[in-house]
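Residue numbers (my numbering): 21 to 221. Built from N, CA and C at the ideal position, the CB exists for glycine as well.
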C-alpha cells in the first residue's frame with residue numbers, strides 16, 4: 021500500500037487527480053493464466069480465442085460485487101481520489117448490459133433494470149464504502165460496426181440511469197471492443213485520425 025501512496029501523493033502534489041481503473045473481462049478472460057473457466061452472464065465463448073466460459077451463479081455475482089467494492093476501498097486507502105469502473109469493450113459489465121450476451125431469465129437479465137443491476141450495485145456499494153467525496157467514473161465504448169453490440173441510444177439510456185441515481189461522477193468513451201481488436205490496437209491500415217490531438221487554434 022505504501023508504494024502506491026508514494027505514487028499518488030507525488031502526483032497529487034503536482035495537481036493531478038489520481039483515478040484507478042477497475043475491471044473484469046468476463047468471457048474474454050485467459051483461462052491459460054487463471055487455470056479456471058471464465059465467468060460470464062450466460063456461458064458464451066470469447067471472440068478472440070477458443071476459451072469458453074460458464075454462466076455465473078448468484079453467489080459468484082455477489083462475489084464480483086464485493087470484489088469491486090473492496091478493490092475500490094483498497095484504492096482509497098492507497099491514496100487514489102477515485103476509481104473508474106470499466107464497463108467498456110464488451111467486458112463483464114458490458115456483457116451483462118448487452119442482450120446478445122446476457123440470456124439470463126433471473127433478476128440479472130431480461131429488462132434494462134435487471135441487466136444494469138450488477139453495475140448499479142457495484143457503484144452503490146463503492147459509494148457506501150468510500151463516501152460521497154470519492155470519485156466514481158464509468159468507462160464505456162462505442163462499437164457501431166457490430167449489430168450485437170449496444171447501440172448509442174441504448175448506451176445513453178444506461179448512462180442516464182446511473183447518472184439519475186447519482187452513482188457516477190463522469191463517463192469516458194472509447195472505440196472498439198473485444199468483438200474486434202482493430203480499433204483497440206490500430207494497424208498501419210487504420211485511419212490516422214484515431215488518437216489524434218487536435219489543435220485548439
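Identity of the residues DSSP links to residue i by a beta bridge
i: residue 15; result: Missing from the structure shown is residue 15; the chain here goes from 21 to 221 and no further.
i: residue 1; result: This structure gives no information on residue 1, because the portion of the chain shown stretches from 21 to 221.
i: residue 41; result: 104
Element boundaries [alpha helix (DSSP H), containing residue i]
i: residue 145; result: 137-150
i: residue 182; result: 172-184
i: residue 24; result: 22-33
i: residue 97; result: 78-97
i: residue 112; result: 112-117
Beta carbon of residue i nearer than 7 Å to that of residue j
i: residue 155; j: residue 92; result: no
i: residue 122; j: residue 116; result: yes
i: residue 79; j: residue 63; result: no
i: residue 161; j: residue 109; result: yes
i: residue 159; j: residue 106; result: yes
i: residue 73; j: residue 54; result: no
Residues of its chain near residue i, where Cβ-Cβ distance is below 6 Å and the 5 sequence neighbours each way are ignored
i: residue 120; result: 168
Proximity to residue i [Cα-Cα], best of the options
i: residue 153; options: 37, 24, 83, 180; result: 37
i: residue 111; options: 23, 33, 42, 187; result: 42
i: residue 88; options: 72, 55, 44; result: 44
Proximal residues to residue i (C-beta, below 8 Å), its chain only, five neighbours per side dropped
i: residue 85; result: 138, 141, 142, 145
i: residue 170; result: 114, 117, 118, 163, 178
i: residue 157; result: 39, 102, 103, 104, 105, 188, 189, 190, 191, 192
i: residue 182; result: 136, 139, 140, 143, 158, 188
Close beta carbons around residue i, own chain, < 7 Å, minus the five adjacent residues each side
i: residue 81; result: 128, 138
i: residue 18; result: The chain is shown only over 21 to 221; residue 18 falls outside these bounds and no answer can be derived.
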